[in-house]
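Written below as structure tokens is the structure these notes are about.
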């Protein structure tokens with residue numbers, strides 16, 4: 009059996025990867041009578057094709073065999089014999105073979121067409137390599153650009169008006185000053201660290217500075233990768249501005265609406281957009297929320313569409329789950345821009361009263377330099393709580409510490425429960441059934457929404473014994489039984505539903521969660537939360553595609569907050585970012601359901617996506 013066939017049988021390669029490799033060899037033979045007797049060229053082409061499907065920008069030929077062996081060993085389990093990989097060529101031989109395929113492979117400095125690009129031992133599809141190169145060029149120009157002119161005295165006055173005197177908010181002040189000082193800035197931070205507060209107060213301050221300097225309002229666009237995130241951003245800004253922004257500055261902030269990145273760029277199908285480098289967006293400032301969810305191609309197209317005079321602020325959590333598609337752009341940008349702070353920026357901090365010492369970050373990122381601010385104070389859960397201790401341990405990859413926190417009685421707000429496979433569903437039922445029944449017993453729709461947000465079961469996977477689908481079916485059957493809902497009745501008070509397709513007419517987006525509850529006329533409606541707390545209802549017949557959601561995946565929960573979270577991590581294949589994201593959805597209590605060995609393996613296993621973006625930016 010050939011190497012490609014063996015890797016296909018092991019499910020390391022997919023059918024498309026193998027077909028692509030075979031097509032490349034045929035193309036090489038047709039153009040230059042290229043012979044690949046040992047299959048080295050085909051193997052490299054197959055892995056380059058595979059890379060985007062697993063989130064990588066390309067493949068590092070020097071590391072791929074060790075990575076695959078490690079992945080197969082983990083999937084086999086600790087007590088199984090590891091699945092053997094076929095023989096790989098040594099790296100020098102592999103690179104030499106690819107360099108000899110001039111019809112298929114080119115170097116980065118060669119200006120000619122080829123489907124593959126070889127940069128050292130990194131091999132890329134030309135398309136993904138070009139996106140990485142374009143993004144590095146775009147961001148690199150901003151990073152070396154001179155500081156923007158800012159009236160620091162007036163900015164300091166505005167920061168005082170914006171209620172940023174709390175010593176715990178010093179990093180929020182720094183983020184605003186940095187974003188005012190630089191044309192490109194990043195605000196990184198975990199859940200509840202005040203990223204929305206930074207956005208609201210930055211908008212108020214910059215808008216006022218621009219009005220005073222030019223007499224014209226600043227043209228601002230807010231964007232997010234999903235409709236749910238965009239709607240949540242708009243509502244959060246309106247709500248925060250109503251309490252944190254003085255009357256004179258409030259109107260200009262509350263009037264700004266967020267949209268999805270695709271709507272902002274004017275999506276025209278497939279990968280085409282109305283706005284691009286030659287037809288830039290009409291804006292002065294672009295703010296992007298949940299930037300960690302934006303993949304490499306979309307981020308490239310978005311930032312290329314910013315006009316030459318525009319400034320950019322990206323907000324996100326680099327330790328959360330990366331984008332579903334190619335790359336880990338936000339984390340790459342945070343790491344690439346870390347380093348010493350320049351004297352001009354330190355002087356700007358001093359002039360605006362935010363040069364006080366702060367607690368250094370605990371986690372995977374170093375303290376950032378000129379472009380980025382890393383927010384470290386969490387307002388979501390209490391400082392010194394078990395949730396904070398657990399989140400820090402998981403984020404640092406310290407599995408022993410994470411288990412110590414979970415299994416200790418010192419932190420009553422976190423605990424771990426372990427049961428045999430067949431008893432997991434019953435355990436989850438015992439933990440949350442009364443809470444879900446109470447949703448249906450609420451007196452009003454608003455109360456039902458509050459009760460629904462009080463608890464959520466999060467799963468690591470959709471399938472399997474501990475998967476979302478199985479647990480959802482189990483819990484729904486038990487809730488229906490307790491409520492006396494007849495078989496065949498689909499709509500009943502207390503049923504939680506999640507929208508799975510955007511519907512702009514109804515202003516409902518993929519990931520929005522509502523609850524079925526009677527309306528004023530007694531008929532069942534689907535109610536959704538609003539920023540003013542009043543809730544809004546949609547007719548059952550008008551609800552877009554949806555699903556019952558007693559349990560949801562951790563991926564779908566990103567950006568949400570619940571009082572209590574039951575995180576089911578059984579089934580294997582769990583990674584650090586997933587555990588961290590699930591744990592940090594909670595404000596009051598976390599219950600982790602899973603074996604110690606599985607949790608230890610997950611916390612110790614971080615997602616390492618291959619990318620050359622950071623190296624390119626550092627070189628620039």
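Numbering (the numbering used here), first residue to last: 9 to 628.
All C-beta atoms, glycine included, are put in the ideal place defined by N, C-alpha and C.
Item to check | Assigned secondary structure, residue 473 (DSSP; H/G/I helix, E/B strand, else coil) | outcome: Within the chain shown, numbered from 1, the residue matching residue 473 stands at position 465. Of the three classes helix, strand and coil, the one that applies to residue 473 here is coil, per DSSP.
Checklist entry - Does the pairing of the segment 390-404 with the segment 581-597 give three or more beta-carbon distances under 8 angstroms? => result yes
Next on the checklist: Tell me the DSSP secondary structure of residue 598 in three-state form.
Outcome noted: Reading the chain shown from its first residue, position 590 is the one you call residue 598. Residue 598 falls in the strand class under three-state DSSP.
Next on the checklist: Closest to residue 506 by C-alpha separation, out of 556, 474, 329, would be which residue?
Outcome noted: Taking the first residue of the chain shown as position 1, residue 506 is located at position 498. Nearest of 556, 474, 329 to residue 506, Cα basis: 556.
Checklist entry - For residue 209, does the count of other Cβ atoms within 10 angstroms reach 16, so buried, or fall short, so exposed? => result Position 201 of the chain shown, counted from the first residue, corresponds to residue 209. Buried.
Checklist entry - In terms of residues, what are the limits of the alpha helix (DSSP H) holding residue 55? => result Looking up residue 55 in the chain shown gives position 47. It spans 48-61 - the alpha helix (DSSP H) in which residue 55 sits, taken as one unbroken run.
Next on the checklist: Tell me the residue span of the beta strand (DSSP E) that contains residue 565.
Outcome noted: On the chain shown, residue 565 is found 557 positions in, with the first residue counted as 1. Bounds of any beta strand (DSSP E) do not take in residue 565; it lies within the alpha helix (DSSP H) bounded by 562-565.
Item to check | Nearest-angstrom Cβ-Cβ length linking residue 12 and residue 47, presumed shorter than 8 angstroms | outcome: Taking the first residue of the chain shown as position 1, residue 12 is located at position 4. Taking the first residue of the chain shown as position 1, residue 47 is located at position 39. Right, their Cβ atoms sit about 7 angstroms apart.
Item to check | Opening and closing residue of the alpha helix (DSSP H) in which residue 500 lies | outcome: Start at 1 with the first residue of the chain shown, and residue 500 comes out as number 492. Segment: none, residue 500 is in no alpha helix (DSSP H) and carries neither H nor E.
Checklist entry - Looking at the unbroken alpha helix (DSSP H) that takes in residue 189, where does it start and where does it end? => result Working through the chain shown from its first residue, we reach residue 189 at position 181. 178-189 is the extent of the alpha helix (DSSP H) around residue 189.
Item to check | Straight-line Cα distance separating residue 519 from residue 240 | outcome: For the purposes of this step, residue 240 is identified with residue 232 of the chain shown, where counting begins at 1. For the purposes of this step, residue 519 is identified with residue 511 of the chain shown, where counting begins at 1. Between residue 240 and residue 519, the alpha-carbon positions lie close to 11 angstroms from each other.
Checklist entry - Using the C-alpha atoms, what's the distance from residue 444 back to residue 230? => result In the chain shown, the residue the question calls residue 230 occupies position 222. In the chain shown, the residue the question calls residue 444 occupies position 436. Their backbone Cα atoms lie some 35 angstroms apart in a straight line.
Checklist entry - Excluding the five sequence neighbours on either side, which residues of its own chain have a C-beta within less than 7 angstroms of the C-beta of residue 412, listed in chain order? => result Working through the chain shown from its first residue, we reach residue 412 at position 404. Closer than 7 angstroms at Cβ, skipping near neighbours: no residue.
Checklist entry - Using a Cβ-Cβ cut-off of 8 angstroms (strictly less than) and excluding sequence neighbours within five positions of residue 542, which residues of its own chain qualify? => result Position 534 of the chain shown, counting from 1, holds the residue named residue 542. Here the set comprises 454.
Checklist entry - Just how far apart, CA to CA, sit residue 536 and residue 171? => result In the chain shown, counting from the first residue as 1, residue 536 sits at position 528. In the chain shown, counting from the first residue as 1, residue 171 sits at position 163. Each residue's alpha carbon lies about 31 angstroms from the other.
Next on the checklist: So, for residue 216: in the same chain, excluding its five sequence neighbours on each side, which residues have a beta-carbon less than 7 angstroms away from its beta-carbon?
Outcome noted: Translated into the one-based positions of the chain shown, residue 216 becomes position 208. 166, 257, listed in sequence order.
Checklist entry - By Cβ distance, which residues of its chain are closer than 8 angstroms to residue 245, with the 5 residues on each side in sequence left out? => result Counting from one through the chain shown, the residue named residue 245 turns up at place 237. Closer than 8 angstroms at Cβ, skipping near neighbours: 204, 207, 208, 211, 230, 261, 262, 264, 266.
Checklist entry - In chain order, which continuous runs of the beta strand (DSSP E) of length 3 or greater are located wholly inside the segment 480-535? => result 504-507, 521-526
Checklist entry - How close, in whole Å, do the beta carbons of residue 576 and residue 463 come, if the pair is a contact with beta carbons under 8 angstroms? => result Numbered from its first residue, the chain shown carries residue 576 at position 568. Numbered from its first residue, the chain shown carries residue 463 at position 455. Their Cβ separation, rounded to whole angstroms, is 13 angstroms, which puts residue 576 and residue 463 out of contact at 8 angstroms.
Item to check | Where residue 309 falls, given that 16 or more other Cβ within 10 Å makes a residue buried | outcome: On the chain shown, residue 309 is found 301 positions in, with the first residue counted as 1. By the 10 Å Cβ count, residue 309 comes out buried.
Item to check | Opening and closing residue of the alpha helix (DSSP H) in which residue 222 lies | outcome: In the chain shown, residue 222 corresponds to position 214, counting from 1. It spans 203-222 - the alpha helix (DSSP H) in which residue 222 sits, taken as one unbroken run.
Checklist entry - Since residue 266 sits in a beta bridge, which residues does DSSP pair it with? => result Reading the chain shown from its first residue, position 258 is the one you call residue 266. Answer is 230, bridged to residue 266.
Checklist entry - Is the beta carbon of residue 50 sitting closer than 9 angstroms to the one on residue 32? => result Translated into positions along the chain shown, residue 50 becomes position 42. Translated into positions along the chain shown, residue 32 becomes position 24. Yes. Within cutoff.
Checklist entry - Taking the alpha-carbon positions, what's the residue 88 to residue 616 distance? => result As a first step, residue 88 is located in the chain shown; it is residue number 80 there, counting from the start. As a first step, residue 616 is located in the chain shown; it is residue number 608 there, counting from the start. Bear in mind that the predicted position of residue 88 carries a pLDDT of just 47, short of 50, making it unreliable; the figure below should be weighed with that in mind. Straight-line Cα distance between these residues: approximately 24 angstroms.
Checklist entry - By the 10 Å Cβ neighbour count, where 16 or more other Cβ atoms means buried, how is residue 421 classified, buried or exposed? => result Along the chain shown, read from residue 1 onward, the residue named residue 421 stands at position 413. When all chains shown are included, residue 421 counts as buried.
Next on the checklist: Do residue 311 and residue 147 have their beta-carbon atoms positioned less than 9 angstroms apart in this structure?
Outcome noted: In the chain shown, residue 147 corresponds to position 139, counting from 1. In the chain shown, residue 311 corresponds to position 303, counting from 1. Contact flag set, yes.
Item to check | Beta-carbon contacts of residue 370 that lie in its chain and below 8 angstroms, excluding the five residues immediately before and after | outcome: Here residue 370 refers to the residue found at position 362 of the chain shown. Residue placement at residue 370 is flagged as unreliable, the pLDDT there being 48, under the threshold of 50; the coordinate-derived value follows with that caveat. Result list for residue 370: 384, 400, 403, 404, in chain order.
Next on the checklist: residue 188 and residue 213 - do their beta-carbons sit closer together than 9 angstroms?
Outcome noted: One-based indexing of the chain shown puts residue 213 at position 205. One-based indexing of the chain shown puts residue 188 at position 180. Cβ distance < 9 angstroms, so residue 213 and residue 188 count as in contact.
Checklist entry - Under a three-way DSSP split, which group does residue 28 fall into? => result Reading the chain shown from its first residue, position 20 is the one you call residue 28. Helix at residue 28.
Next on the checklist: Check whether the segment 319-336 and the segment 128-135 touch, using three or more Cβ-Cβ pairs below 8 angstroms as the test.
Outcome noted: no
Next on the checklist: Just to confirm my understanding: we take residue 249, look at its own chain, exclude 5 residues before and 5 after, and list those with CB closer than 7 angstroms. What are they?
Outcome noted: Walking along the chain shown from the start, residue 249 turns up at place 241. Only residues of its own chain outside the window of five on either side were considered, and among them 208, 258, 261, 262 have a CB closer than 7 angstroms to the CB of residue 249, listed in chain order.
Checklist entry - What is the C-beta distance between residue 156 and residue 345, in whole angstroms, given that I count them as a contact (C-beta under 8 angstroms)? => result As a first step, residue 156 is located in the chain shown; it is residue number 148 there, counting from the start. As a first step, residue 345 is located in the chain shown; it is residue number 337 there, counting from the start. About 17 angstroms; that fails the 8 angstroms criterion.
Checklist entry - Under the DSSP definition of a beta bridge, which residues are partnered with residue 130? => result Position 122 of the chain shown, counting from 1, holds the residue named residue 130. In the DSSP output, where bridge partners are listed per residue, residue 130 has 68, 127.
Checklist entry - Hey, residue 574 and residue 439 are a contact pair by Cβ (cut 8 angstroms); roughly how many whole angstroms apart? => result On the chain shown, position 566 is the one that residue 574 refers to. On the chain shown, position 431 is the one that residue 439 refers to. Sure, about 5 angstroms apart at Cβ, within 8 angstroms.
Checklist entry - Closest by CA to residue 512, which one among 551, 95, 527, 360? => result Within the chain shown, residue 512 is the residue found at index 504, counting from 1. Ranking the options by Cα distance to residue 512, first place goes to 551.
Next on the checklist: For residue 144, which residues in the same chain have their Cβ closer than 7 angstroms to its Cβ, ignoring the five residues on either side in sequence?
Outcome noted: To locate residue 144, count along the chain shown from 1; it is residue 136. Closer than 7 angstroms at Cβ, skipping near neighbours: 621, 624, 625, 628.
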